[in-house]
Amino acid sequence: MDQLHLLWEFQKADVEVDKLEASIRRSPVRQKLVKYKDLYTEQQTAMKRMESEVSAMQDRLEALKDALKMTNEQLHNLHAKMESDPPKNSAEVQQFMNDAKRFQNNLTAYEQEVKRIRKDAGDRERQQHDVRVRAAKAKSEFEKLKLVYDDEKHEKDSELDSLRAAAAEKAKPIEKEFMERYKEIKRHSVPPLAMLNGDQCQGCNMSLPSSVVRKVKAGELVECETCGRLLIIV
Ligand SMILES: [Zn+2]
Numbered sequence: 006m007d008q009l010h011l012l013w014e015f016q017k018a019d020v021e022v023d024k025l026e027a028s029i030r031r032s033p034v035r036q037k038l039v040k041y042k043d044l045y046t047e048q049q050t051a052m053k054r055m056e057s058e059v060s061a062m063q064d065r066l067e068a069l070k071d072a073l074k075m076t077n078e079q080l081h082n083l084h085a086k087m088e089s090d091p092p093k094n095s096a097e098v099q100q101f102m103n104d105a106k107r108f109q110n111n112l113t114a115y116e117q118e119v120k121r122i123r124k125d126a127g128d129r130e131r132q133q134h135d136v137r138v139r140a141a142k143a144k145s146e147f148e149k150l151k152l153v154y155d156d157e158k159h160e161k162d163s164e165l166d167s168l169r170a171a172a173a174e175k176a177k178p179i180e181k182e183f184m185e186r187y188k189e190i191k192r193h194s195v196p197p198l199a200m201l202n203g204d205q206c207q208g209c210n211m212s213l214p215s216s217v218v219r220k221v222k223a224g225e226l227v228e229c230e231t232c233g234r235l236l237i238i239v
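Here the numbering used here is used: the first residue of the sequence shown is 6, the next is one more, and so on.
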């Protein structure tokens, strides 16, 4: 058998390996497993984000506590000053009232912000709870499926091993440069060898010029002008 026909025999085995590999990748169990894994990762990311948001809220609450304390002191001092040194004219009364109003407004704004943050923090807690529940569910589903998957994989892996061994056996008599050419073509066209049927490449169904057909018939190594597959007459 010439190199091209040995390569053809090898390709049959190689196709079987590829088919099984693809079916392992496409396995519904595996795809579900990936889905649960993604879901779990997603929940963990959400959890981390919420933790940092809660921590920012706590920082802000601390700062607001200080601001509230300071504003209360300002108000207190203002009242003390008014008692010890009452305003002497309407301009001073106005000034006092303006200050008092400004401090009061600040107090109200800070208190509202505190309230809002407490409410947000409460929402976050509920969300965190939901996220934790979802993460735990994804994890347990993942673990259950992993057992099924491992069984399935174990079975397919041994099947794959024997297919690979068969392909390796058929690869043995093939010269290095032929195998390299095969692999090179496989990067763009799968499978890399195509039968010539009349003047048609069976890889892409395009008709080839008679000069090309003649070369293939003469046993020359010819690639299809359209799909780049190595042409063979079997
Ligand atoms: Zn072709």
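Don't be surprised by glycine CBs; every beta carbon is placed ideally from N, CA and C. Here the structure is a predicted model, which is why all the values come from computation and not from measurement.
Roughly how many angstroms separate the alpha carbons of residue i and residue j, rounded to a whole number?
i	j	result
PRO92	ALA85	12 Å
ARG192	GLU228	14 Å
VAL138	GLU78	46 Å
GLY203	LEU235	15 Å
VAL239	GLU182	21 Å
SER163	VAL22	12 Å
GLN8	GLU157	37 Å
LYS17	ARG30	20 Å
MET87	LYS106	14 Å
MET184	LEU12	8 Å
ARG186	HIS10	14 Å
ASP71	ARG65	10 Å
LYS188	PHE147	37 Å
SER57	LYS74	26 Å
SER212	GLY233	13 Å
MET62	ARG131	15 Å
ASP166	LYS177	17 Å
Go ahead and label residue i buried or exposed: buried means 16 or more other beta carbons lie within 10 angstroms of its beta carbon, across all protein chains shown.
i	result
ASP19	buried
VAL218	buried
ILE190	buried
GLY224	exposed
ARG221	The question names Arg, but residue 221 in the sequence shown is Val. With 16 or more other Cβ atoms within 10 Å, it is buried.
GLN100	exposed
GLY208	buried
THR113	exposed
Give me the Cβ distance between residue i and residue j, rounded to the nearest whole Å; I'm assuming they're in contact under 8 Å.
i	j	result
PHE108	LEU83	7 Å
MET52	VAL136	5 Å
LYS161	LEU38	Actually they are not in contact, since the Cβ atoms of LYS161 and LEU38 sit about 14 Å apart, beyond 8 Å.
ARG129	VAL59	6 Å
ILE179	PHE15	6 Å
**Asked** Can at least three beta-carbon pairs, one atom from the segment 39-49 and one from the segment 133-149, be found at a separation below 8 Å?
**Response** yes
**Three or more C-beta pairs below 8 Å linking the segment 46-61 and the segment 152-163** = no
**Asked** Are there three or more Cβ pairs, one per stretch, closer than 8 Å when the segment 172-180 is compared with the segment 195-204?
**Response** no
**Message:** Which runs of the beta strand (DSSP E) at least 3 residues long sit entirely within the segment 151-227? Give them in chain order.
**Reply:** 198-202
**Message:** To test your reading of the DSSP string, which unbroken alpha helix (DSSP H) runs of 4 or more residues are found completely within the segment 85-135?
**Reply:** none
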